[in-house]
Amino acid sequence: MPPHAMDADAIQRYQAPAVGRTPQEQAALEHMLARRQAERQRQNAERDHAETEYRRQWLEEIQAGRRRLQRERRLVRREQLEVKCELETLRALEMQRQYSGSPSEPKEEKEEEEEEEEEGYGETSHECLDAAALFE
């Protein structure tokens with residue numbers, strides 16, 4: 385046992401020659417020192433366990449926060465994509481409205497646009513729908 389782990393009186397008795405002690409005194413002294421050492425080891429183990437448990441809980445809270453943040457980021461990205469798709473759709477409809485209003489438009493192009501409108505999406509909207517599916 386290291387000297388700093390014992391009180392001053394115990395150190396003196398332990399370091400003193402065994403000549404002046406009876407075998408019972410020597411055994412009692414060694415027993416007392418062993419008990420103190422065992423108690424210190426128990427306290428250290430309890431402290432280590434408490435620190436480990438605290439760190440585990442702290443890590444769980446951090447991981448839960450990261451998962452929550454990732455979930456929120458996915459939701460925001462999805463909402464942004466939905467808004468972008470809606471905006472593209474509105475722009476396409478506005479362009480179509482403006483374009484279909486001109487009398488010089490060839491009839492074939494008008495029919496193709498009407499088909500796209502009936503389908504509900506153009507090439508860009510396909511991208512929006514594919515990307516939106518990733519978030520579902």
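Throughout the sequence shown, residue numbering follows our numbering, covering 385 to 520 in sequence. Where a beta carbon is used, it is the ideal one built from N, C-alpha and C, also for glycine.
Please state the DSSP three-state secondary structure of arginine 450.
Here the question's residue 450 lines up with position 66 in the sequence shown. Residue state for arginine 450 is assigned as helix, using DSSP reduced to three classes.
For glycine 504, collect the residues of the same chain with a Cβ closer than 7 Å to its Cβ; drop the 5 residues on either side in sequence, then sort them by chain order.
Looking up residue 504 in the sequence shown gives position 120. The pLDDT assigned to glycine 504 is 49, lower than 50, so where the model puts this residue is not dependable; a value taken from the coordinates is nonetheless given after this. The answer is none, since no qualifying residue turns up.
Helix, strand or coil for arginine 461 per DSSP?
Against the sequence shown, residue 461 aligns to sequence position 77. The three-state reading of DSSP puts arginine 461 in helix, counting H, G and I together.
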